[in-house]
Each structure stands twice: as C-alpha cells, then as structure tokens.
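Protein chains in written order, with our numbering: chain F, 1 to 204; chain X, 1 to 204.
Don't be surprised by glycine CBs; every beta carbon is placed ideally from N, CA and C.
Notes to accompany the following structure.
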DNA sequence: ACGCACCTACCGATCGGTCGGTAGCCTTAC
DNA sequence: GTAAGGCTACCGACCGATCGGTAGGTGCGT
C-alpha cells in the first residue's frame with residue numbers, strides 16, 4: 001500500500017461501499033415516502049444497522065439529502081447533458097437527450113430526480129446550488145428548442161412552457177411506471193421520444 | 001329553521017365555513033410540504049387556532065387527508081370529467097378535457113391533485129377507493145384515445161403510455177408553475193392543449 | 001340552561017441526534 | 001511470533017424536542 005492508494009476498498013456483496021449502500025437506500029426510501037416521511041430509524045433498519053451506527057457514516061439527515069441531490073445531478077450531467085452537448089444538430093440532440101434521460105431512469109438511478117422538490121428542506125444557500133444546476137439543464141432544452149425554431153422546425157409553441165412539458169413527461173415516468181405492467185423499457189423510451197417530438201416538430 | 005335547513009351557515013370573511021377553511025388550508029400546506037411534513041400544530045397556527053381547537057373540527061390527520069382527496073376527486077369529476085363525457089367527438093372531447101383541467105388548476109383548487117400520491121398514508125381500503133376513482137379518469141382518456149385511433153386520427157403511439165404522458169403534462173403544471181413568471185393563465189391553457197394535440201394527432 | 005367553538009395543559013410515542021463504549025482487524029515494535 | 005496500540009465500524013442507552021391526539025374546562029350566543 002502506497003500513498004497513491006487512497007481508494008476505500010471495503011465492499012459489500014455487490015461491490016458497493018457501505019456509504020454508497022446507505023445513500024442509495026436512503027434515496028429509494030425517500031422517493032417512496034418523501035424526506036419528512038422517512039425516519040433515520042427506518043433507514044438504519046433498512047441497511048441493517050442501528051441509528052447510532054448509521055450516524056457513524058453520515059453527518060445529518062439534511063446533509064444526506066444534499067449529497068443525494070448533488071449525486072443525482074452529477075449522474076444526470078454525465079449521462080445525459082454532456083453526451084447531448086456534443087451533438088450539433090438540435091433535432092438529433094433533443095431526441096438523444098430524451099432517449100438518454102429515459103434510459104437513465106432504469107440504468108442509473110435517475111428516478112432520484114423526483115427528490116429535487118425536497119430541496120426545500122435544505123438551507124437556502126444549498127437550495128440555490130441545487131436549483132442552479134437544475135436550471136442549467138432546463139437551459140439546454142430551451143436553447144435546443146430555440147435552435148429548432150431558428151431552423152423553422154418548431155411548432156407554434158412557447159419555448160419556456162414547452163421545455164417544462166417535455167421535462168414533465170420524462171420525470172413523470174418515474175411517478176407512474178411500475179415494471180409489473182406490460183410495458184417494456186425499450187417501448188417506453190421510444191414512445192416518450194416520439195410523443196415529445198410529434199408535439200414540437202413541424203411537419204415537413 | 002326547518003329540518004330542510006341542513007346547511008352549516010357559519011361563514012368567515014370570504015363566505016367560507018370554518019371547516020372549509022381548515023380543509024383548504026391543510027390542502028395548501030400539504031401540497032407545499034407533503035403530508036408527513038405538515039404538522040397539525042402548523043395547520044392549527046395557519047388557521048389561527050390551537051391544536052386542540054383544530055381537533056374540535058376534524059377527527060384525525062389521516063381522515064383529513066382522505067376528505068381532501070375525495071373532495072379533490074369530486075371537483076375533478078364535476079368540472080372536468082362530467083362536462084367532457086357529454087362531448088361526442090373524441091378530438092373535441094380530449095381538447096376540452098385538457099382545457100378544463102388546466103383551467104381548474106387556477107379556478108378550482110385542482111392542484112390538490114398533487115396530493116394523490118400521498119394516499120399511501122391511508123388505510124389500504126381507503127387507498128383503493130381513491131385509487132379506483134383516479135383510474136376511472138385515466139380510463140376516460142384511454143377510451144378517448146382509442147376512439148381517435150379508430151377514426152385513424154391517432155399517431156403511432158401506445159395508448160397506455162400516451163395517456164400517462166398527457167396527464168403528466170397537465171398535473172406537472174402545478175409543480176413548476178409560479179405565477180410571478182411572465183406566463184399568463186390563458187397562454188398556459190392554450191399551450192398545453194396544443195402541445196398534447198400536436199403530439200397525438202396525425203397530420204391530415 | 002344548553003351546546004358550540006375554542007382554550008390550557010398534558011399524554012405516550014417518535015423524531016433527529018449523541019454519548020461512551022467495544023469487538024475485530026491492521027500495523028508496528030520487539 | 002506476539003503483544004501493544006490504534007482505527008474502523010458498529011452498538012445500547014439516552015437526550016431534548018416535537019409528533020398526533022386528548023381531557024377537562026371556559027366563554028358566549030341562543
């Protein structure tokens with residue numbers, strides 16, 4: 001072991017740090033029951049510890065929410081925003097953003113984004129940090145819509161309102177989708193892309 | 001006063017029963033902070049009473065949530081579902097449903113519908129009652145989409161998924177809309193109707 | 001005199017969080 | 001090889017505050 005070996009190497013059965021297990025479990029519980037509705041005792045039990053043991057890993061419930069939100073935002077940026085930014089054509093970019101975002105709901109825990117409204121439980125300064133990063137995503141969608149409008153491809157729609165509608169159809173999936181119903185992941189991606197592009201693109 | 005006079009006549013400044021004031025204030029608080037995040041002490045203070053005084057009017061927090069959800073559902077049925085059912089043409093019916101629903105977000109407190117996921121805090125039997133009535137609304141949308149498909153007017157879209165997308169664009173408005181921004185109510189109604197109809201209607 | 005609307009004072013339970021410990025592993029010294 | 005020391009990961013027991021809810025009373029309009 002050298003100074004270079006800074007990695008925390010303790011892993012659980014699935015190659016997850018105990019810390020990661022805690023944050024992920026917390027995110028799942030909070031998505032189901034909300035921030036206020038999830039007690040630290042419940043969370044401790046869910047990861048197989050006592051509350052005191054849990055507090056060895058985290059500093060407070062509030063800080064845990066902040067970490068969860070920041071991590072979700074980073075995941076969104078690296079798996080959706082950055083790849084999309086590299087696409088020049090606005091129509092193809094929007095198509096890819098929706099596709100990547102919906103896929104991310106399954107592959108990377110992007111459903112955690114449902115917790116963003118819970119940022120009201122954070123300190124104002126922290127709320128602002130999280131809020132700004134969300135706005136930058138909305139900004140990318142608006143910019144893409146504006147480029148489409150410049151090309152004459154956009155329907156007669158308000159860009160601000162439309163960007164919200166698009167985001168709601170995507171984020172909304174995590175609210176209503178239950179995998180027991182007869183809807184496959186691939187279907188959901190395709191249908192959501194089509195729904196939104198049918199809505200905004202002028203017929204050529 | 002006769003037996004026929006069953007109306008509770010105590011009214012506050014705006015012609016509201018104390019009971020109505022409590023339920024409406026509770027609904028507003030819960031939409032902002034969630035069911036678990038809203039304490040009965042907060043609610044009591046918001047209506048200018050003590051907690052004990054509040055409990056003179058209601059039986060329990062849980063029952064209050066049930067009443068709020070049932071009332072929201074009745075409002076939705078009388079102002080959106082019933083009027084829409086009387087329209088024969090499916091395209092016009094869908095258009096009117098969206099228009100009435102979005103308008104209702106402002107005129108009748110239809111934003112209360114954001115509390116429907118909170119029905120998980122109710123007893124299973126009550127959850128089912130509320131859940132069924134929501135499904136009947138979704139059923140009407142699906143039926144309307146199916147009629148459009150029969151007429152050959154529907155895009156190549158899955159009816160189940162599309163009905164969810166439509167509902168999310170409408171309900172989602174109550175999540176992101178803040179009246180301070182430069183968006184008028186009329187704009188919002190028009191844009192939401194257009195967005196969804198652009199999405200689902202085949203170009204003729 | 002009666003009941004409605006409301007109060008003060010309180011209940012047991014649960015909340016987020018902390019305290020002082022301890023079992024087991026890893027390193028270092030001899 | 002092994003004992004000492006330290007560190008990580010946890011635990012039982014507990015804290016003050018707040019939770020949903022209640023008991024018993026007061027004042028007021030009819």
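Straight-line Cα distance separating residue j from residue i
{"i": "residue 151 of chain F", "j": "residue 110 of chain X", "result": "38 Å"}
{"i": "residue 157 of chain F", "j": "residue 63 of chain X", "result": "43 Å"}
{"i": "residue 145 of chain F", "j": "residue 159 of chain F", "result": "6 Å"}
{"i": "residue 165 of chain F", "j": "residue 172 of chain X", "result": "8 Å"}
{"i": "residue 102 of chain F", "j": "residue 204 of chain F", "result": "26 Å"}
{"i": "residue 136 of chain X", "j": "residue 108 of chain X", "result": "20 Å"}
{"i": "residue 121 of chain F", "j": "residue 91 of chain X", "result": "43 Å"}
{"i": "residue 80 of chain X", "j": "residue 100 of chain X", "result": "6 Å"}
{"i": "residue 138 of chain F", "j": "residue 66 of chain F", "result": "20 Å"}
{"i": "residue 20 of chain F", "j": "residue 39 of chain X", "result": "32 Å"}
{"i": "residue 83 of chain X", "j": "residue 143 of chain X", "result": "16 Å"}
{"i": "residue 177 of chain F", "j": "residue 170 of chain X", "result": "17 Å"}
{"i": "residue 31 of chain F", "j": "residue 174 of chain F", "result": "10 Å"}
{"i": "residue 127 of chain X", "j": "residue 98 of chain X", "result": "26 Å"}
{"i": "residue 133 of chain X", "j": "residue 74 of chain X", "result": "9 Å"}
{"i": "residue 161 of chain F", "j": "residue 48 of chain F", "result": "45 Å"}
{"i": "residue 61 of chain F", "j": "residue 131 of chain X", "result": "32 Å"}
{"i": "residue 129 of chain X", "j": "residue 46 of chain X", "result": "30 Å"}
{"i": "residue 188 of chain X", "j": "residue 197 of chain X", "result": "14 Å"}
{"i": "residue 201 of chain F", "j": "residue 78 of chain F", "result": "27 Å"}
{"i": "residue 179 of chain F", "j": "residue 70 of chain F", "result": "27 Å"}
Neighbour list for residue i in chain F, Cβ cutoff strictly below 7 Å
{"i": "residue 195 of chain X", "result": "157, 162, 165 and 199"}
{"i": "residue 169 of chain X", "result": "165, 168 and 169"}
{"i": "residue 126 of chain X", "result": "The premise fails here: residue 126 of chain X is roughly 17 Å from chain F at the closest Cβ pair, so nothing lies under 7 Å."}
Amino acids of chain F, ordered along the chain, whose beta-carbon sits closer than 8 Å to that of residue i
{"i": "residue 188 of chain X", "result": "161"}
{"i": "residue 27 of chain X", "result": "Chain F residues near residue 27 of chain X: none, gap ~16 Å exceeds 8 Å."}
{"i": "residue 67 of chain X", "result": "Those do not exist, as residue 67 of chain X stays about 20 Å from chain F at its closest Cβ, beyond 8 Å."}
Chain-ordered chain X contacts of residue i [CB-CB under 7 Å]
{"i": "residue 216 of chain F", "result": "It is not possible to answer for residue 216 of chain F, since the shown part of chain F is limited to 1 through 204."}
{"i": "residue 152 of chain F", "result": "Within 7 Å Cβ-Cβ: nothing; residue 152 of chain F doesn't reach chain X, min ~16 Å."}
Buried or exposed by the 16-neighbour rule on C-beta atoms within 10 Å, applied to residue i
{"i": "residue 163 of chain X", "result": "buried"}
{"i": "residue 50 of chain X", "result": "exposed"}
{"i": "residue 104 of chain F", "result": "buried"}
{"i": "residue 88 of chain X", "result": "exposed"}
{"i": "residue 118 of chain X", "result": "buried"}
{"i": "residue 184 of chain X", "result": "exposed"}
{"i": "residue 186 of chain X", "result": "exposed"}
{"i": "residue 95 of chain X", "result": "buried"}
{"i": "residue 26 of chain X", "result": "buried"}
{"i": "residue 191 of chain X", "result": "buried"}
{"i": "residue 6 of chain F", "result": "Here residue 6 of chain F scores only 28 on pLDDT, less than 50, and its place in the model is too uncertain to base an answer on."}
{"i": "residue 124 of chain X", "result": "exposed"}
{"i": "residue 181 of chain F", "result": "exposed"}
{"i": "residue 93 of chain F", "result": "buried"}
{"i": "residue 193 of chain X", "result": "buried"}
First and last residue of the uninterrupted alpha helix (DSSP H) at residue i
{"i": "residue 83 of chain F", "result": "82–85"}
{"i": "residue 54 of chain X", "result": "51–54"}
{"i": "residue 137 of chain X", "result": "124–150"}
{"i": "residue 88 of chain X", "result": "Residue 88 of chain X -> no alpha helix (DSSP H), and no H or E assigned at all."}
{"i": "residue 164 of chain X", "result": "159–176"}
{"i": "residue 211 of chain X", "result": "An answer regarding residue 211 of chain X cannot be provided, because it is not within the stretch 1 to 204 covered by chain X."}
{"i": "residue 187 of chain X", "result": "185–200"}
{"i": "residue 116 of chain F", "result": "Here residue 116 of chain F belongs to no alpha helix (DSSP H), and DSSP marks it neither H nor E."}
{"i": "residue 25 of chain X", "result": "18–33"}
{"i": "residue 41 of chain F", "result": "40–46"}
Test item: CB-CB of residue i and residue j under 8 Å
{"i": "residue 41 of chain F", "j": "residue 36 of chain X", "result": "no"}
{"i": "residue 68 of chain X", "j": "residue 23 of chain X", "result": "yes"}
{"i": "residue 52 of chain F", "j": "residue 76 of chain F", "result": "no"}
{"i": "residue 168 of chain X", "j": "residue 168 of chain F", "result": "yes"}
{"i": "residue 154 of chain X", "j": "residue 148 of chain X", "result": "yes"}
{"i": "residue 57 of chain X", "j": "residue 18 of chain X", "result": "yes"}
{"i": "residue 54 of chain F", "j": "residue 44 of chain F", "result": "yes"}
{"i": "residue 199 of chain F", "j": "residue 195 of chain X", "result": "yes"}
Neighbour list for residue i in chain X, Cβ cutoff strictly below 8 Å
{"i": "residue 36 of chain F", "result": "33, 34, 36 and 37"}
{"i": "residue 183 of chain F", "result": "158, 160 and 161"}
Chain X residues whose Cβ lies nearer than 9 Å to that of residue i
{"i": "residue 172 of chain F", "result": "164, 165, 167, 168, 169, 171 and 172"}
{"i": "residue 132 of chain F", "result": "Simply none; closest approach about 16 Å."}
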